[in-house]
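Protein chains: 2
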Amino acid sequence: VKRVLVTGASGFVGRQTLAPLAALGFEVHAAGRSPAPAAGVAWHEVDLLDPFAAERLCWDVAPSHLLHVAWFAEPGRYWTSPENPRWVEASVRLLRAFVAAGGRRAVGVGTCAEYDWSAPSPFDERTTPLRPASLYAACKHAVHVVQEAYAASSGVSQAWARLFHLYGPHEHPGRLVPGVAIALRRGGEAACTEGRHRRDFLHVADAGEALARLLDSGVAGAVNVASGEAVAVRAVVEEVARHSGGSGVVRFGARALPAGEPDEIAARVDRLRDEVGWRPRRTLAEGIADVVAWWREHEAEARA
Amino acid sequence: VKRVLVTGASGFVGRQTLAPLAALGFEVHAAGRSPAPAAGVAWHEVDLLDPFAAERLCWDVAPSHLLHVAWFAEPGRYWTSPENPRWVEASVRLLRAFVAAGGRRAVGVGTCAEYDWSAPSPFDERTTPLRPASLYAACKHAVHVVQEAYAASSGVSQAWARLFHLYGPHEHPGRLVPGVAIALRRGGEAACTEGRHRRDFLHVADAGEALARLLDSGVAGAVNVASGEAVAVRAVVEEVARHSGGSGVVRFGARALPAGEPDEIAARVDRLRDEVGWRPRRTLAEGIADVVAWWREHEAEARA
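These protein sequence lines map, in sequence, to chains A and B.
45 is the number of the first residue of the first sequence in our numbering; add one for each residue after it.
45 is the number of the first residue of the second sequence in our numbering; add one for each residue after it.
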């Protein structure tokens, strides 16, 4: 039996992995700090920062597979928060508990910020140097270093998914896509950068499916989870505006691009496409249309 | 007041740091799992793998400085032991507790095994690539990654001491120098490799002094703690034999050099010499003479 433990299962990314995992034949055990959000999944309400939680959880579930998505992810704070080293501890503890309980394959979640952003884009898992410049990225990188060596010495299979720029349902309303969509719907102004910089955007439901497929494969090591296409942020904003309706306006150039943001951050996706055998289901236009429609129905969330 | 917390203070390396730290004007608080070995030092009997120990300890001591030496170090087992990821957790937890208690400067202890051993020796902190090939080295490297980023974001000063090959009192009797010294004293055979490979040897008392000086400096980042000289292992064995007396014989070539052992592992010590301003007190000949004499008086330890 393939029995997966998914952490961070109530979060932006984690919740999108549950249905794809079930579709791949996994018995899905989802862990999150909130109460069970819905029926149809074995839910474990647990705080992985509790020093004894992971051991109990892995003992109870005895998962063959681990998809570790949980981390501190509050927008605006997660880059520098002292919660990051706490999640290093929690993640290593979870890995140990998973191995001790007989686990066979683990996938952890990293970030494009592990790469040296001064290196040429697109970033390649095998050739682009790593140089995490934030506490968040350094802590993610440290977990990967431990995971890779510990899995090798324990005979456990492992991979490390580096996420790039995601958008989709349940995103924090302060972030780019919902921020613009909501401002325009309300008839306000969306203050944006010039938007000439290019990023690699992926709908979070596609990312969830990619993570499920990566876990179900035997692919080892770091794998970029991204679209493989570099798109100007301006084009994304214009696409959001086209679907949003409302009488608001976008002000390009009203915000300066923060220091240290390179012209392009995009992914080589050869490993994801050729080794895992996965491509995104949605074009960017389809994905943006989907998420703008979702925000129309969930505007109340943004007011919370 | 400069108040230092030293972990691993009853171990091979940690015990050698206490007197040099006191000589530099530190109020020394030593932590180890064993009961207090001697008077004259504030001793804290504590197991840092206990999830609450570090927080209590840092709260009690309120150290301005941290010298974190503790780790799992059992010869023959430490390269691959699952204790290594536990020490990642314990080390990150200790760092967090130190910062929370108002700590200002931390020095951690790494290893020459963090470097890519296929790179040319001597290894330089700034230019030699890192490629930890063992679970031990990967876990040490991960702690350094977290320490560096976390210290930067917390306004804490930090350095990372990479130790090379140490020898000296209290070394595990199964290791090279005591192994040869004891075998020869007993009139037996010391089965050695050909000993053509070159290593960078430092007396552990010198290493202890170097760590104390590094902690007392403001030098940031990785610093090799080594002699800076590459010496053939054969020459070290011959020096041990010259001092040991006894009727035993050395059999060079009786053992094969393990796979993956490069011809030379030595350190560039420019940072230690020029920035920290420290050089070893002992030549290799003096150091070996010292430790052979020590083993003569402590042969009983080797029988334990």
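Quick reminder that beta carbons are idealized off the backbone N, C-alpha and C, glycines included.
Below 8 Å on the Cβ atoms is my guess for residue i versus residue j; work out the distance and round it to an integer in Å.
{"i": "B/E308", "j": "B/R242", "result": "4 Å"}
{"i": "A/P173", "j": "A/A182", "result": "Not a contact, Cβ separation roughly 14 Å."}
{"i": "A/F70", "j": "A/V48", "result": "4 Å"}
{"i": "B/V72", "j": "B/V85", "result": "5 Å"}
{"i": "A/V50", "j": "A/G58", "result": "6 Å"}
{"i": "B/V313", "j": "B/G272", "result": "4 Å"}
{"i": "B/R326", "j": "B/H247", "result": "5 Å"}
{"i": "A/E345", "j": "A/R295", "result": "Not confirmed; about 25 Å, so no contact."}
{"i": "B/V263", "j": "B/V200", "result": "B/V263 to B/V200, Cβ: 14 Å. No contact."}
{"i": "B/T237", "j": "B/L316", "result": "The pair is not a contact, with the Cβ atoms about 28 Å apart (cut-off 8 Å)."}
{"i": "B/P306", "j": "B/W161", "result": "5 Å"}
Say whether chain C places a C-beta atom closer than 7 Å to the C-beta of residue i.
{"i": "B/A195", "result": "You won't find chain C in this structure, because its protein chains are A and B."}
For residue i, name the three-state secondary structure that DSSP assigns.
{"i": "A/V221", "result": "helix"}
{"i": "B/S288", "result": "helix"}
{"i": "B/V263", "result": "coil"}
{"i": "B/E89", "result": "strand"}
{"i": "B/W204", "result": "strand"}
{"i": "A/T61", "result": "helix"}
{"i": "A/H216", "result": "coil"}
{"i": "B/G252", "result": "helix"}
{"i": "A/V50", "result": "strand"}
{"i": "B/E238", "result": "coil"}
{"i": "A/R121", "result": "coil"}
{"i": "A/G154", "result": "strand"}
{"i": "A/H185", "result": "helix"}
{"i": "A/A106", "result": "coil"}
{"i": "B/E305", "result": "coil"}
{"i": "B/G331", "result": "helix"}
{"i": "A/F56", "result": "coil"}
{"i": "A/V275", "result": "strand"}
{"i": "A/V72", "result": "strand"}
{"i": "A/V336", "result": "helix"}
{"i": "A/F245", "result": "strand"}
{"i": "A/E233", "result": "strand"}
{"i": "B/V281", "result": "helix"}
{"i": "B/R315", "result": "helix"}
{"i": "B/R100", "result": "helix"}
{"i": "A/A348", "result": "Only weak support exists for where A/A348 lies, its pLDDT of 49 falling under 50; the value from the coordinates is given anyway. DSSP places A/A348 in coil when its eight states are reduced to three."}
{"i": "B/F142", "result": "helix"}
{"i": "A/V132", "result": "helix"}
Output yes or no for whether 7 Å exceeds the beta carbon distance between residue i and residue j.
{"i": "A/P64", "j": "A/G252", "result": "yes"}
{"i": "B/S108", "j": "B/R148", "result": "yes"}
{"i": "A/G292", "j": "A/G231", "result": "yes"}
{"i": "B/P129", "j": "A/R140", "result": "yes"}
{"i": "B/G152", "j": "B/Q191", "result": "yes"}
{"i": "B/A235", "j": "B/R299", "result": "yes"}
{"i": "A/V189", "j": "B/A186", "result": "yes"}
{"i": "A/A311", "j": "A/A254", "result": "no"}
{"i": "A/P164", "j": "A/W339", "result": "no"}
{"i": "A/A322", "j": "A/R257", "result": "Residue 322 of chain A is actually Trp in this sequence, not Ala. Against a cut-off of 7 Å, the Cβ pair of A/R257 and A/W322 comes out as a contact."}
{"i": "A/R219", "j": "A/S288", "result": "no"}
{"i": "A/A193", "j": "A/Q202", "result": "no"}
{"i": "B/Y159", "j": "B/Y122", "result": "no"}
{"i": "A/E127", "j": "B/R137", "result": "no"}
{"i": "B/D244", "j": "B/A266", "result": "no"}
{"i": "A/D156", "j": "A/F116", "result": "For the record, residue 156 of chain A in the displayed sequence is Cys; it is not Asp. No."}
{"i": "B/D250", "j": "B/L68", "result": "no"}
{"i": "A/V336", "j": "A/A227", "result": "no"}
{"i": "A/S76", "j": "A/A53", "result": "Here the sequence assigns Gly to residue 76 of chain A, which means Ser is not the residue at that position. Yes, they are a contact pair."}
{"i": "A/A150", "j": "A/L210", "result": "no"}
{"i": "A/A66", "j": "A/W87", "result": "no"}
{"i": "B/T124", "j": "A/S197", "result": "yes"}
{"i": "A/G212", "j": "A/K184", "result": "no"}
**OP:** Please list the residues of the region 129-154 of chain A that have a C-beta atom closer than 9 Å to any C-beta atom in chain B, keeping them in chain order.
**Re:** P129, R130, V132, E133, A134, V136, R137, L139, R140, V143, A144
Subject >> the region 92-112 of chain B touching the region 281-295 of chain B, judged by at least three CB pairs closer than 8 Å >> reply: no
Original post:
Relative to chain A, which residues along the region 107-120 of chain B have a C-beta separation below 8 Å, given in chain order?
Top reply: none
Subject >> Residues in the region 79-95 of chain B having any Cβ partner in chain A nearer than 8 Å >> reply: P95
**OP:** Note down, in chain order, all residues in the region 278-304 of chain B with a beta-carbon under 8 Å from any beta-carbon belonging to chain A.
**Re:** none
Subject >> Residues from the region 251-281 of chain A in contact with chain B, defined by Cβ distance under 9 Å >> reply: none
Original post:
Got a sec: which bits of the region 171-188 of chain B sit with their beta carbon under 9 Å from any beta carbon on chain A, in order along the chain?
Top reply: P176, A177, S178, L179, Y180, A181, A182, C183, H185, A186, V187, H188
Subject >> Interface positions of the region 213-231 of chain B facing chain A (Cβ-Cβ less than 7 Å), listed along the chain >> reply: none
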